[in-house]
Every structure is written in structure tokens, then in C-alpha cells.
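Undergrad: Below is one structure. I have some questions about it.
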Ligand code: RET
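Residue numbers (the numbering used here): 14 to 301.
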């Protein structure tokens, strides 16, 4: 005879505590500061998408168009990412290891702290498009561009692992070290490889501005992780969230607008010609 296995009432998920999405939604939107850190970015991502459509309407060159599509995808991912956070879908309460500075806290009636894990997950999809646009503006090759894309995916996934590991404090920081190592590969590609290539391509002046905003801005993320509730818990969750939201404004929307203003004029440093990127050599869509 089949016997059903009794489920203990104390059964717990290995990572997430039992706060429901509705409870998390209420928790977020009861805190105006935290709520605005999400809502403002939904509005800015939407405005940036519209601005790209407007500025990009007269582009004709296929290479310039690909750069515009790449920066548009940054904001497409961003508006979805912030919708996930604002709805409570990609937020959770997790209980930190006993030696963590935030151990013992409670959030939305559950033991643990609020983790915005949707941020780390969606960076996996947004940061590659930033790097594709930057690498193309520098005039780099696809080996280097795709290497930077692979490393940013590795950086974001190991960053997600750092945020969600609850077994021991040192395993959280080990993930952080791994993620930071992958990050340094990206910094090297931008500062050394692409900077040199941009000189040859003739896009050095715009690339240098984008490079500074990107490298300085991107260093802000691990610093915030370390200061925020995931790391040393010096900053509370609303300030940490605003920190990430402000960094996102610089590294996504400001960088995007600078790129669009540059690309709209279709300068010789970025155009590829009508045949660029065709899947059938010798035939371009304009041929009849
Ligand atoms: C983490 C923690 C682990 C160590 C490092 C990190 C770096 C994150 C970065 C994120 C950049 C995000 C951007 C998003 C735009 O959509 C994961 C915080 C190194 C650099 C630019």
C-alpha cells in the first residue's frame, strides 16, 4: 500500500523564506524611498527607449543600426528588470549565515533580509549589450567583444550566487572574489584593448568619455554590494537600492544617450557600408 510521506510543517526552502509576493509588494511600496528606487527607473528606461526610437529613425547604415539596437536592448532589459523588482516577483527574504552582520534581522514578518536578486539576474542580460555597443564603437573584433560578453555573464551569475549563498559567510565572499576576478578581465579589455583600438578607429574621443563613465560606474556596483545588506550591512536596503538605481542611470541611460547622439550622425568611424553584416555575401536588402 502506498503511504504518503508527511510534509513537516517547518519545511523550508533552501534559500528563500516564506514571504509571499503580496507581502513583499506591500513591504516595498510602504517604503516610499525603496518604492521610488524602482519606479523612477521604470520611467527612465521607458523614456530612453522612446528617445532611441526618435533619434534612430533616420539611421541607414546597418552597423550604426546594430549599435542603436544594442543600446535599446539595455533599456528593454532594464524596464523588465525593474518591473520584476517593483512587483515583488524577483525579491526574496533570505536568512544570512549566523556570522553575517545582518544575521537575526526580520523583513516583512520573516526571519532574514530583503535581497533584490532580480538585479543580479537581469544584469546578465543587460551588461552584454553595453559591452557590444562599446566594443563596436572602439572598432574591436568579435573575439574580444564576445569574450567580454562571456565574462560579464560569468560575473553576474557568480554575483547572484554570492547574494544567495546562505551556508557560510566565507562562501559568500568567495563567490564575490570569483565575480570580481571576472570583472577585472572586462576592465582590462575596456581600458587596454579597446582604448588602443579606438585610437586607430578614430572614435577615441567619444570612447574615452564612455570608458570613464563605464569603468568608474561599474566599480560602484561591487563597492555597493560590499557596503550594502549583502556584504558588511553598513547601508540599509533602501539606500543600497538607490545606490544601484543611480549607478544604473549613469551606466545605462547616460551612456546610451551619449552613444545615440554620436551614432545619429553616422560618423565614418562607425559606419560599415550597405553590405555590412549581410548573411548572403554580395546581396544587400536594397538590391532588386
Ligand atoms: C557584483 C558583486 C560581486 C562582485 C562584482 C559585482 C559587479 C557588478 C557589476 C555590475 C554592473 C551592472 C550594470 C548593470 C546595467 O544594467 C555582482 C555586484 C564585481 C559590475 C552595469
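Backbone N, C-alpha and C define an ideal beta-carbon position, used for all residues, glycine too.
This one's a predicted model, so the numbers in the text were calculated from it and none came from an experiment.
If you measure from the CB of residue 265, is any heavy atom of the ligand FAD nearer than 7 Å?
TA: What this structure holds is the ligand RET, not the ligand FAD.
Undergrad: Which residue marks the beginning of the alpha helix (DSSP H) containing residue 226, and which one marks its end?
TA: Per DSSP, residue 226 belongs to the alpha helix (DSSP H) from 217 to 240.
Undergrad: Measuring straight from C-alpha to C-alpha, what distance separates residue 267 and residue 274?
TA: Each residue's Cα considered, the two are about 11 Å apart.
Undergrad: Give me whichever residues DSSP pairs with residue 127 in a beta bridge.
TA: Answer is 106.
Undergrad: From the DSSP output, in three-state form, read off residue 195 for me.
TA: DSSP places residue 195 in helix when its eight states are reduced to three.
Undergrad: Mapping the DSSP letters down to three states, classify residue 119 as helix, strand or coil.
TA: Residue 119: strand per DSSP, three-state reduction.
Undergrad: With a CB to CB cut of under 6 Å and the five nearest residues on each side skipped, what residues in its chain are close to residue 238?
TA: Excluding positions up to five away in sequence, the list reads 244.
Undergrad: Exposed or buried, residue 54, counting other C-beta atoms within 10 Å across all chains shown (16 or more means buried)?
TA: Buried is the call here.
Undergrad: DSSP three-state call for residue 164: helix, strand or coil?
TA: If DSSP states are grouped into helix, strand and coil, residue 164 belongs with the helices.
Undergrad: Go ahead and label residue 256 buried or exposed: buried means 16 or more other beta carbons lie within 10 angstroms of its beta carbon, across all protein chains shown.
TA: Burial call: buried.
Undergrad: Leaving out five residues on either side along the sequence, give the residues of the same chain with a beta carbon under 7 Å from the beta carbon of residue 141.
TA: Counting only Cβ-Cβ distances below 7 Å, and skipping sequence neighbours, we find 162, 165 and 166.
Undergrad: Which residue's Cα is closest to the Cα of residue 76: 138, 294, 292 and 284?
TA: Comparing Cα-Cα distances from residue 76 to each of 138, 294, 292 and 284, the minimum goes to 284.
Undergrad: I want to check one thing, is the minimum distance from the CB of residue 60 to the heavy atoms of the ligand RET below 7 Å?
TA: False, no ligand heavy atom lies under 7 Å from that Cβ.
Undergrad: Would you say the beta carbon of residue 245 is closer than 7 Å to some non-hydrogen atom of the ligand RET?
TA: No, since every heavy atom of the ligand RET falls outside the 7 Å radius drawn around the Cβ of residue 245.
Undergrad: Look up residue 22 in the DSSP assignment and say whether it is helix, strand or coil.
TA: Low per-residue confidence applies at residue 22: pLDDT is 48, beneath 50, and the placement is therefore not dependable, though the value from the model is reported in the following sentence. Here residue 22 sits in coil by DSSP.
Undergrad: Round the Cβ separation of residue 101 and residue 37 to the nearest angstrom and send it over; I've been treating them as touching at under 8 Å.
TA: Right, their Cβ atoms sit about 4 Å apart.
Undergrad: Can you have a look at residue 194 and say buried or exposed, based on whether 16 or more other CB atoms are within 10 angstroms of its CB?
TA: That one is exposed.
Undergrad: Does the structure place the region 68 to 88 close enough to the region 137 to 154 that three or more beta carbon pairs sit under 8 Å?
TA: Touching, yes, given that three or more Cβ pairs across the two stretches are closer than 8 Å.
Undergrad: Let me check you understand the geometry: is the CB of residue 136 closer than 7 Å to at least one non-hydrogen atom of the ligand RET?
TA: Yes, since a heavy atom of the ligand RET falls inside the 7 Å radius drawn around the Cβ of residue 136.
Undergrad: Under 8 Å, do residue 128 and residue 276 count as touching if we go by C-beta distance?
TA: The answer is no: Cβ separation not under 8 Å.
Undergrad: With a cut-off of 8 Å, do at least 3 Cβ pairs link the region 149 to 156 to the region 219 to 234?
TA: Contact holds: three or more Cβ-Cβ distances are below 8 Å.
Undergrad: So is residue 43 buried or exposed if we call it buried at 16+ other beta carbons inside 10 Å?
TA: Residue 43 is exposed by the Cβ-count criterion.
Undergrad: For the alpha helix (DSSP H) holding residue 29, just list the boundary residues, first then last.
TA: No alpha helix (DSSP H) holds residue 29; DSSP gives it neither H nor E.
Undergrad: If you measure between the beta carbons of residue 135 and residue 105, is that distance less than 8 Å?
TA: In this structure, residue 105 does not lie closer than 8 Å to residue 135 by Cβ.
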